[in-house]
Amino acid sequence: MSVIEVSELRKSYGGRAVVDGVSFAVEEGEIFGILGPNGAGKTTTVECVEGLRVPDAGRVRVTGLDPIADHEKVARVLGAQLQESELQAKLTVREALELYASFYPSPADWRPLAERLGLAEKLTTRFAKLSGGQKQRLFIALALVGNPRVVVLDELTTGLDPRARRDTWQLIEDVRAGGVTVLLVTHFMEEAQRLCDRIAVIDGGRIAALDTPDGLIRRSAGSTVISFTPSAPLDEGDLNALPELASLAHKDGRITLSGTDATVNAVITLLARHHITAHQLRVTDATLDDAFLDLTEAAS
Ligand SMILES: Nc1ncnc2c1ncn2[C@@H]1O[C@H](COP(=O)(O)OP(=O)(O)OP(=O)(O)O)[C@@H](O)[C@H]1O
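Under UniProt numbering, the very last position in the sequence shown is 300; numbers go up by exactly one each time.
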C-alpha cells in the first residue's frame, strides 16, 4: 500500500478548475516533490492530502485513511508545516514545541530538534519576535516534533539563508533515513534535484510529468547544454540543421543550444569547417531548471 494515494483529484473555485484530475502515489520512505509554476494548484493538492480542503472529486488516502472522514487519525500520523497565521503571536518557541509534541502519541524529543534547527537560543522568544527565517525553522520543527510517519512541507526553505537551507536539507534527509515519507512542495530546483526521489511537475492543475529528477532531465528536450561565443557569425540554417538539436538561443553574441552528444560533436565539426573559434566554450549537463521550463512551457 502506498503511504499517500491521490487519484483523479479535482477542486474548482468559482467554476474554475485549479486541480483538474491529479493522480500520484507516494511510497514509504520516499521524498516526493511537487513542482510547478505559481498558481499551478500545488498547495491546493497538498491541502487536500492534509485534510484542510475538501476535494470536489477524486480519492485521497494517507496510510489508507481518508483525510476528511478520518481527520483525527490522519492528524496523528501526519506532520504539516504551518502557515504563519496559524500560530499565536505570544507563544514562545518552547511552548509551541511542547504544545505540538502533546498532540501526538509518541512525540520526538524537541530539544535536539530545536538544536539542529538553530532554535536552542530562542526557546523563550515569543513567536511574534522571531525573524522570518526563525519562524520558518520553527514551522519545520513543529512539523517533525510529533514523529510523524508522513510529513508535508510546503515551501520548506523559502526565506532561509543558504546555510540554514543546507542544514534543513540535511535534516530532511536524516528524517527520511528514519523511514518517514516526505511530500515536498518547492520552487527551488536545486532543492528538488538534491532531495526528491521522484517529482510530479504540475501545471494548470494537471500533472505535466512524473519521474525521477534525472528522468525529467532526460525526457526534457535536451540533456546537454552547449554555449560559446563564435569568433565570426555562424549561419542560422547550419545551426538549425544540427542533429538532435532541442533548443537554440542567441544573447549578446553568445550562442546557447541544447541537444545530445551528437549535437556537441556536430557543433565542433561545423566550427572547424568554417575556421571559427568558439570562445568560452562550455558543455554542461542540462539541469532540472532546463527540464522544468521545457515541461511547463510544453504543457501551457
Ligand atoms: N480559497 C480559494 N478561493 C479561490 N481561489 C483560490 C483559493 N485557493 C486557491 N485559489 C486559486 O487556485 C489557484 C491554485 O492555487 P494554489 O495555491 O493551489 O497554487 P500553487 O501552485 O500552490 O501556487 P504558488 O506556487 O503560487 O503557491 C490559484 O489561481 C489561486 O488563486
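From the three backbone atoms N, C-alpha and C, an ideal C-beta is built for every residue, glycine too.
This one's a predicted model, so the numbers in the text were calculated from it and none came from an experiment.
Non-local beta-carbon contacts of Ala192 in its own chain, meaning distances under 8 Å to residues more than five positions away in sequence, involve Gly33, Leu35, Leu184, Thr186, Ile199, Pro213, Leu288 in chain order.
Looking at the DSSP output, Ala25 shares a beta bridge with Glu5.
Between the C-alpha atoms of Ala80 and Leu142 there is a straight-line separation of about 8 Å. Here Pro213 carries a helix assignment [DSSP, helix/strand/coil]. Straight through space, the alpha carbons of Val145 and Leu65 are spaced by roughly 21 Å.
Look at the region 177-246 and you find these whole runs of beta strand (DSSP E), each 3 residues long or longer: 181-186, 198-203, 206-211, 224-230. With a cut-off of 8 Å, the C-beta of Ile202 is classified as near ligand 1, since at least one heavy atom of the ligand falls inside that distance.
Membership of Val62 in the beta strand (DSSP E) is indicated by the continuous run 57-62. Short of 6 Å from the beta carbon of His279, and not among the five residues preceding or following it, lie these beta carbons of its own chain, in chain order: Thr229. Judged by beta-carbon spacing, Val182 lies within the 9 Å limit of Glu30, meaning their Cβ atoms are closer than that value. Taken through DSSP and simplified to helix, strand or coil, Ala128 comes out as helix. Note that the C-beta distance between Leu281 and Leu234 is not below 9 Å. Its Cα nearest to that of Ala89, the residue Arg126 stands out among Arg126, Ala120, Ser247. For the 9 Å CB-CB criterion, Asp167 and Arg218 do not form a contact.
Pairwise C-beta distances place the region 1-8 in contact with the region 54-63, as three or more of them are shorter than 8 Å. With fewer than 16 other beta carbons inside 10 angstroms of its own, Val54 counts as exposed.
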